[in-house]
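Notes follow the structure.
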Amino acid sequence: MAVIAELSGIGLAFGRGAERTQILEGLDLSLASGEFVVIVGPSGAGKSTLLRVLMELVAPSAGRVRVDIPHQRGRRSMALVFQDAKLLPWRRVSGNVAFGLEGLGLSHGEIEARVKAALELVNLSAQSARWPHQISGGQRQRVGLARALAIEPDLLLMDEPFGALDAITRATLQDELLSLWRRTGKTVLFVTHDIDEAIYLADRIIVLAGSPARVQGTFATPERPHLRADPRTWRLASDIRAKLEENGELVDFEI
Amino acid sequence: MTAERFAAERNAVPSPDAETFPGAAGAGAVTAPPADALTRRPFLQPGVLRSHALAALGVALFLGGWELAARLNPSLSALIPLPSQIPAAWLGEIRGGYWTAAVQNSLSHYLAGVAIGSALGVAFGVVCGVSIWFDAFLSGVVRILRPIPGLAWVPFAILWFGLTSGAAAFIIAIAVFWINFFAAFGAVQAIDRDLMEVARAFGHGGFFGRLTKIALPGATPGILAGFRTGLGQAWMSVVAAELFGVPGIGARMMQAASLLATDLVVVYMLTMALLYAITDIAFLAVRRRLTAWQS
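So the sequence lines, in the order shown, correspond to chains A and B.
Residue 255, in our numbering, is where the first sequence stops; the numbers in between run on with no holes.
Residue 1295, in our numbering, is where the second sequence stops; the numbers in between run on with no holes.
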């Protein structure tokens, strides 16, 4: 499979002098087309920052970012799904989904068709005229996903998108995401601090930990579905936990 | 898939929530309040109709008390008119054509001043809120000009515009400008910073994108709150701006006061209250449309 994004030797520091904090150091990562990669690590390990480096929202202090994704009107075909959805409260659901399509030179009819298709993908067609405050947290996260899918990205970056949801909604959305991924063949880079979620979703898991954060290990998952009851999944979770504990991370994970 | 997963995985392990919050899952752990408790009004809180009636009663008592006090003290008659004299005085002003001319003049000053002052105030406030460079560039000028009251500009208004409507509109515009400037600036600053990142992630990270896609729509409630304050403040400035001779309600009030025609002064005070009420009602109708997403 072709590599569509590659980070090599990425370092990132904020502040100057005594205030300088190194967030990421010597970080290598490559993403192959169609892959579902999950980065797992403790909160504050720089996982979200890594996504922002890939999105070119944050410039790294060291290293090289190579993204082999074409531009469309000066924008790369990548989309970010935010933690807590981050919808624009003054736009209806359909307006939020259309947000990334504006300024791409699409006709009004094309935008409408793509918004409709994206809302159908996430089963929210009936809510298109609602305001964000009128829908549930899970639905808001689906709108965030539809907003990203509407631009038909080659690479979908997801920043702990289900972290704030209840367990049932989270499990439902995980299944919907996997089903969408299978249907669309998008490359997905998903960030989470939940080992269970990482194993359930990923083809490949990258453990990011330490201060400054580095890649501590890469784990391939067995064939799908990755059920928790499967002994291979159990062993994998145990290995990931051991890797995090090697780096002094207190892992709160039940087997 | 989800159902199977839950049957296979979640049922096998006792839910940590069940242990942590034993009361949450227990039958009857949370008792619903009686149905009427949700609809019953707290003690002493009036209904809508009753509050209108109370407001009317308050006005009637105020006017009655005023009338009584003025009649019992004839020495006050030169200082304060009787409320019962007001309708006749008002009618006389309308018949003489003075009222219509004064209102037309003042409205033209008011509308021009509010439009120019608000538009410039909102524009500068929003741009300063979006661009830290522009904010830093203007911060010194703002510090110098902000403390200068609108009336301090009267000499320049007369020098630049003469005793014309332009001078009055200028004074009003200055008063309204600062209210709108700070309201718009504060409203943009209060927008969730993460939404600016959303704009950048979806290709609207340039100045124009952030301005039109995030700052203006997101700051609309705050901008409108400032605009509403400006609408009220502008009526105060109308009087001040016309005191130096530009024809209008303020000038007519000064003429009446110099002739001790206190009933006419009250007529124009009430006229301003009426005009403010009309502009405020019109404003509220517009605001409801623009901020429907907040309801």
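By construction, the Cβ of each residue, glycine as well, lies at the ideal position given by its N, Cα and C atoms.
Open item on the list: Tell me which residues share the same chain as B:Leu-1224 and place their Cβ nearer than 6 Å to its Cβ, disregarding the 5 neighbours each side in the sequence.
Closed with: Residue mapping note: residue 1224 of chain B aligns to position 224 of the second sequence, counting from 1. The answer, listed in chain order, is Arg-1287.
- [ ] Reducing DSSP to helix, strand and coil, say where A:Thr-256 ends up.
- [x] This structure cannot speak to residue 256 of chain A, because chain A is shown only from 1 to 255.
Task: Three-state class that DSSP yields for A:Ala-220 in the structure shown - done: The residue labelled residue 220 of chain A in the question sits at position 220 within the first sequence. Of the three classes helix, strand and coil, the one that applies to A:Ala-220 here is strand, per DSSP.
Task: Cβ-based burial, A:Glu-245 [other Cβ within 10 Å; buried from 16] - done: As a first step, residue 245 of chain A must be located in the first sequence, where it is residue number 245. Exposed, by the Cβ-count rule.
Task: Beta-carbon gap between A:Ile-23 and A:Ala-13 smaller than 8 Å - done: In the first sequence, the residue the question calls residue 23 of chain A occupies position 23. In the first sequence, the residue the question calls residue 13 of chain A occupies position 13. Cβ distance < 8 Å, so A:Ile-23 and A:Ala-13 count as in contact.
Task: Sequence-distant residues of the same chain with beta carbon closer than 6 Å to B:Ala-1169, five excluded per side - done: Reading the second sequence from its first residue, position 169 is the one you call residue 1169 of chain B. A distance below 6 Å between beta-carbons, with the five flanking residues on each side excluded, links B:Ala-1169 to the following residues of its chain, in chain order: His-1109, Ala-1112 and Gly-1113.
Task: Residue range of the alpha helix (DSSP H) that includes A:Ser-30 - done: The residue labelled residue 30 of chain A in the question sits at position 30 within the first sequence. For A:Ser-30, no alpha helix (DSSP H) segment is defined; the enclosing uninterrupted segment is the beta strand (DSSP E) at 21-32.
Open item on the list: Can you list, in chain order, the residues of its chain with a C-beta nearer than 7 Å to that of A:Val-97? Leave out the 5 residues immediately preceding and following it.
Closed with: Within the first sequence, the letter at position 97 stands for residue 97 of chain A. Same-chain partners within the cutoff: Val-115, Ala-118, Leu-119, Val-143, Ala-146, Arg-147 and Ala-150.
Task: Proximity of A:Val-122 and A:Leu-156 at Cβ, strictly below 8 Å - done: Walking along the first sequence from the start, residue 122 of chain A turns up at place 122. Walking along the first sequence from the start, residue 156 of chain A turns up at place 156. No, the Cβ-Cβ distance between A:Val-122 and A:Leu-156 is not below 8 Å.
Task: Enclosing beta strand (DSSP E) for A:Ala-62 [first to last residue] - done: As a position in the first sequence, residue 62 of chain A is number 62, starting the count at 1. Residues 62-67.
- [ ] Apply the 10 Å Cβ neighbour rule to A:Pro-42 and answer buried if 16 or more other Cβ atoms are within range, or exposed otherwise.
- [x] Locating residue 42 of chain A in the first sequence gives position 42, where the first residue counts as 1. Label assigned to A:Pro-42: buried.
Open item on the list: Three Cβ pairs or more, each shorter than 8 Å: is that satisfied between the stretch 1213-1233 of chain B and the stretch 1175-1193 of chain B?
Closed with: By the C-beta criterion, the stretch 1213-1233 of chain B is judged to be in contact with the stretch 1175-1193 of chain B, since at least 3 inter-stretch pairs fall below 8 Å.
Task: Segment contact flag, the stretch 61-77 of chain A with the stretch 99-116 of chain A, C-beta cutoff 8 Å, min 3 pairs - done: Taking 8 Å as the limit for Cβ pairs, the verdict is that the stretch 99-116 of chain A does touch the stretch 61-77 of chain A.
Open item on the list: Tell me the DSSP secondary structure of A:Thr-187 in three-state form.
Closed with: As a first step, residue 187 of chain A must be located in the first sequence, where it is residue number 187. Looking at A:Thr-187 - three-state DSSP - the assignment turns out to be strand.
Task: Counted within 10 angstroms of its Cβ, other Cβ atoms place B:Ser-1237 as buried (16 or more) or exposed - done: For the purposes of this step, residue 1237 of chain B is taken as the residue at position 237 of the second sequence. Of the other Cβ atoms in all chains shown, 16 or more fall within 10 Å of the Cβ of B:Ser-1237; this residue is therefore buried.
Open item on the list: Would you say A:Phe-99 lies against chain B (beta-carbon separation less than 8 Å)?
Closed with: In the first sequence, the residue the question calls residue 99 of chain A occupies position 99. True, the Cβ-Cβ gap to chain B drops below 8 Å.
Task: Own chain, CB closer than 7 Å to B:Gly-1209, minus 5 neighbours either side, in chain order - done: Numbered from 1 along the second sequence, position 209 holds the residue referred to as residue 1209 of chain B. Setting aside the 5 residues that flank it on each side, B:Gly-1209 is surrounded in the same chain by Ala-1199, each with a C-beta closer than 7 Å to its C-beta; the list follows chain order.
Task: B:Arg-1193: contacting residues in chain A (beta-carbon distance under 9 Å) - done: The sequence position of residue 1193 of chain B within the second sequence is 193, counting from 1. At a C-beta separation below 9 Å, B:Arg-1193 has no neighbours in chain A, since its nearest C-beta there lies roughly 11 Å away.
Task: Sub-8 Å separation of B:Ile-1171 and B:Val-1188 beta-carbons - done: Your numbering for residue 1171 of chain B matches position 171 in the second sequence. Your numbering for residue 1188 of chain B matches position 188 in the second sequence. Contact: no.
Task: Contacts of B:Gly-1129 in chain A (Cβ-Cβ under 7 Å) - done: As a first step, residue 1129 of chain B must be located in the second sequence, where it is residue number 129. The premise fails here: B:Gly-1129 is roughly 16 Å from chain A at the closest Cβ pair, so nothing lies under 7 Å.
Open item on the list: Just to make sure I have the definition right: I need the residues of chain A whose C-beta is within less than 8 Å of the C-beta of B:Arg-1287. Which are they?
Closed with: To locate residue 1287 of chain B, count along the second sequence from 1; it is residue 287. Within chain A, no residue comes near B:Arg-1287; the closest Cβ sits about 13 Å away, beyond 8 Å.
Task: Residue interval of the alpha helix (DSSP H) (run including A:Arg-204) - done: Position 204 of the first sequence holds residue 204 of chain A. If you look at A:Arg-204, you'll find it isn't in any alpha helix (DSSP H); it sits in the beta strand (DSSP E) that goes 204-209.
Open item on the list: What does the alpha-carbon distance come out to for the pair A:Arg-66 and A:Leu-29?
Closed with: Within the first sequence, numbered from 1, the residue matching residue 66 of chain A stands at position 66. Within the first sequence, numbered from 1, the residue matching residue 29 of chain A stands at position 29. Pairing A:Arg-66 with A:Leu-29, the inter-Cα distance amounts to about 10 Å.
Task: Those runs of the alpha helix (DSSP H) which lie wholly inside the stretch 37-103 of chain A and span at least 4 residues - done: Whole alpha helix (DSSP H) segments, 4+ residues: 47-54 and 93-98.
Task: Min CB distance B:Val-1198 to chain A below 8 Å - done: Counted from its first residue, the second sequence places residue 1198 of chain B at position 198. Judged by the 8 Å Cβ criterion, B:Val-1198 is in contact with chain A.
TODO: Would you kindly work out how many angstroms separate the C-alpha atoms of B:Phe-1021 and A:Arg-170, rounded to a whole number?
DONE: By 1-based counting over the second sequence, the position of residue 1021 of chain B is 21. By 1-based counting over the first sequence, the position of residue 170 of chain A is 170. Residue placement at B:Phe-1021 cannot be trusted, given a pLDDT of 36 that sits under 50; what the coordinates show is reported in the next sentence. If you take the alpha carbons of B:Phe-1021 and A:Arg-170, they lie about 20 Å apart.
- [ ] Output yes if chain A places a C-beta closer than 8 Å to the C-beta of B:Ala-1201; else output no.
- [x] By one-based count along the second sequence, residue 1201 of chain B stands at place 201. At least one chain A Cβ lies under 8 Å of B:Ala-1201.
- [ ] Return the residue from the list A:Leu-50, A:Arg-140 and A:Val-53 that minimises the CA-CA distance to A:Arg-92.
- [x] Here residue 92 of chain A refers to the residue found at position 92 when the first sequence is read from its first residue. Per the Cα distances, A:Arg-140.
Open item on the list: Going by DSSP, what residue range makes up the alpha helix (DSSP H) through A:Glu-260?
Closed with: Since the first residue of chain A shown is 1 and the last is 255, residue 260 of chain A is not available in this structure.
Task: Terminal residues of the alpha helix (DSSP H) in which B:Ser-1118 lies - done: For the purposes of this step, residue 1118 of chain B is identified with residue 118 of the second sequence, where counting begins at 1. From DSSP, the alpha helix (DSSP H) with B:Ser-1118 extends over 1098-1130.
Open item on the list: Across the stretch 31-40 of chain A and the stretch 197-208 of chain A, are there enough close Cβ pairs to call them in contact, namely three or more that are closer than 8 Å?
Closed with: Enough Cβ pairs lie closer than 8 Å, so yes.
Task: Counted within 10 angstroms of its Cβ, other Cβ atoms place B:Glu-1197 as buried (16 or more) or exposed - done: Here residue 1197 of chain B is taken as the residue at index 197 of the second sequence, counted from 1. With a 10 Å radius around the Cβ and a threshold of 16 neighbouring Cβ atoms, B:Glu-1197 comes out buried.
Task: Distance, A:Gly-63 Cα to A:Ala-213 Cα - done: Locating residue 213 of chain A in the first sequence gives position 213, where the first residue counts as 1. Locating residue 63 of chain A in the first sequence gives position 63, where the first residue counts as 1. So the alpha carbons of these two residues sit roughly 14 Å apart.
- [ ] Have a look at B:Gly-1150 and B:Ile-1174 and give me their C-alpha separation to the nearest angstrom.
- [x] Stepping through the second sequence from its first residue, residue 1150 of chain B is reached at position 150. Stepping through the second sequence from its first residue, residue 1174 of chain B is reached at position 174. Approximately 6 Å, taken between the alpha carbons.
Task: Residue of A:Gln-127, A:Glu-223, A:Gln-174 and A:Ala-164 minimising C-alpha distance to A:Ser-94 - done: As a working note, residue 94 of chain A is residue 94 in the first sequence. Residue A:Gln-127 is the option with its Cα nearest to A:Ser-94.
Task: Contacts of B:Phe-1220 in chain A (Cβ-Cβ under 8 Å) - done: By 1-based counting over the second sequence, the position of residue 1220 of chain B is 220. Checking the sequence shown, residue 1220 of chain B turns out to be Thr, not Phe. Neighbours of B:Thr-1220 in chain A, taken as residues at a C-beta separation under 8 Å, are given in chain order as Trp-90.
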